[in-house]
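A.B. asks: Pasting a structure here, questions to come.
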């Protein structure tokens, strides 16, 4: 969802991102490109979530305060920052090592009056797919770090 800058795509072959737990899923999804662009990746993830009705078991936009495994019940007891709690046999943290963008400490950055954003938080286009054209034509643009 977040990484939607223009040209965002897989850095490995698309098929390698297909979920292998379901042969049916692997057979029914046909990647349109060898290295899938971000909008297609998002469509695939939504397709998987819909096909297996996964959203009912996912807590989005939440921060975990604690996750404690109870040996006696063989369940994870999870408490969120907002006070909600849940219990389950499995805990998938799914935070990813790059889930929070890191901004460089550049003197004067806080007083810069132009547009500034991290590629991980690129403005979304009005249709909700891919990155918005932010209009670089005729402007001086600085790009700091472009790691994949």
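In the numbering used here, the protein residues as written are 4 to 151.
Where a beta carbon is used, it is the ideal one built from N, C-alpha and C, also for glycine.
(1) Can you find the residues in the same chain that come closer than 8 Å, C-beta to C-beta, to residue 32, ignoring five residues on each side of it along the sequence?
(2) Let me check understanding here. Comparing Cα to Cα, which of 111, 123, 116, 118 lies closest to residue 105?
(3) Entirely within the segment 56 to 136 and at least 4 residues each: give me those alpha helix (DSSP H) ranges in chain order.
(4) Along the chain, where does the alpha helix (DSSP H) containing residue 47 start, and where does it finish?
(5) From the DSSP output, which residues share a beta bridge with residue 12?
(6) Just tell me which of 45, 30, 34, 24 has its CA closest to the CA of residue 6.
(7) Mind checking whether residue 65 and residue 80 have CB atoms under 8 Å apart?
C.D. replies: Here's the rundown:
(1) 21, 47, 50
(2) 123
(3) none
(4) 41 to 54
(5) 40
(6) 45
(7) no
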